[in-house]
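Under numbering that gives the first Met the number 0, the sequence shown has 35 at position 36, and the numbering climbs by one with no breaks.
Think of the CB as a built atom: it goes at the ideal place given N, C-alpha and C, for glycine as much as any other residue.
Please read the structure below before turning to the comments.
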Amino acid sequence: MKSKVGTVLLSGLVAGTLDIITSIIIYAFILQKTTATKILQSIASGILKKDAYSGDPKVLYYGLLFHFIIAVLFALFYLIIYPYIPFLKNNTLLSGFTYGVFVWIVMNLIVLPIVFPVLPAKNLDFPLLLSILILVFCIGLPIAFITKKHYYSSNR
């Protein structure tokens, strides 16, 4: 893909799709901790607050929209920093893994505490490790590989 905009949209949409589908499958179906509806309402509640739980079906679309906006923004950030950080070019697998951890840190230690001042304490346990792994495999790696392909094909 030659276009930077196309690369950002593609990597953001792929990463966002993998992340939301994986989260729903794991948390709603396998672990039965929540529902797909509650996952999307929770995302929407970052902006809509308590109105996200009103029962309005449009909220689910807002949650999905906000989710993809966040994924595209992380894809954009990676594309911007990629040419300036040699580590990202040297090992795509390791840089994707690292970027997934970075995304987890940004979301869980910066964004969510700002948006939701009262959050449960985080413990180093299976749910925490699972949430990191989801972001590594569904966000970090796809963004890293799609961005690398963009730069590799642009420099040929």
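DSSP three-state label for PHE115, please. coil
Determine whether the beta carbon atoms of ILE142 and TYR98 lie at a separation below 8 Å. Yes, the Cβ-Cβ distance between ILE142 and TYR98 is below 8 Å.
Would you report the Cα separation of GLN31 and ILE25, rounded to the nearest angstrom? 8 Å
Please report how far the alpha carbon of TYR77 lies from the alpha carbon of ASN90, in whole angstroms. 14 Å
Considering only C-alpha positions, which residue in the set LEU72, LYS88, LYS57, ILE80 is nearest to PHE144? Out of LEU72, LYS88, LYS57, ILE80, LYS88 has the C-alpha closest to the C-alpha of PHE144.
Would you report the Cα separation of SER152 and LYS1, rounded to the nearest angstrom? 7 Å
Is the separation between the beta-carbon of ALA74 and that of SER130 shorter than 8 Å? no
The alpha helix (DSSP H) spanning ILE38 covers which residue range? 35 to 47
Assigned exposure category for LEU127 - 16 Cβ within 10 Å defines buried: exposed
Is the beta carbon of ILE23 within less than 7 Å of some heavy atom of the ligand SAM? As for the ligand SAM, it is missing from this structure, which has no ligand bound.
Should ASP124 go down as buried or exposed, given a rule of 16 or more other Cβ atoms within 10 Å for buried? ASP124 counts as exposed, since fewer than 16 other beta carbons sit within 10 angstroms of its beta carbon.
Apart from the five residues just before and just after TRP103, which ones in its own chain have a Cβ nearer than 6 Å to its Cβ? Around TRP103: ILE131, LEU134.
How far does the alpha helix (DSSP H) with LYS1 in it extend, from its first residue to its last? From DSSP, LYS1 is part of no alpha helix (DSSP H); its letter is neither H nor E.
Best match in LEU59, ALA35, TYR150 for proximity to TYR81 [C-alpha to C-alpha]: TYR150
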